[in-house]
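Please read the structure below before turning to the comments.
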Amino acid sequence: MKTTEVWNIFWQRADLKWHRYDPALQVGSLEKFLAIVDEDKHACFFG
485 MKTTEVWNIF WQRADLKWHR YDPALQVGSL EKFLAIVDED KHACFFG
């Protein structure tokens, strides 16, 4: 399997299932992922 160096973003909803994070489905680096989590404009990661 070839490495794509892309991270898929998921978050856990109140139903305790993991769902794709629709505003940004994938990121190419840990820094970009952390920026999305830090911004959290839809209150998915920290309520």
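Each residue of the sequence shown is one higher than the one before, counting from 485 in my numbering. C-beta: ideal position from N, C-alpha, C; glycine also. In this text, all values refer to a predicted model and were calculated from it rather than measured experimentally.
Check whether residue i and residue j have beta carbons under 9 Å apart
i	j	result
PHE529	TRP502	no
Boundaries of the alpha helix (DSSP H) in which residue i is found, first to last residue
i	result
PHE517	514–523
Member of the options whose CA lies at the smallest distance from the CA of residue i
i	options	result
ILE520	THR488, ASP499, ARG497 and ASN492	ASN492
PRO507	LEU500, ALA498 and PHE517	PHE517
HIS526	GLY512, ARG497 and LEU514	ARG497
LEU509	GLY531, LYS486 and VAL490	VAL490
Limits of the unbroken beta strand (DSSP E) element including residue i
i	result
HIS526	Here HIS526 belongs to no beta strand (DSSP E), and DSSP marks it neither H nor E.
ARG504	502–504
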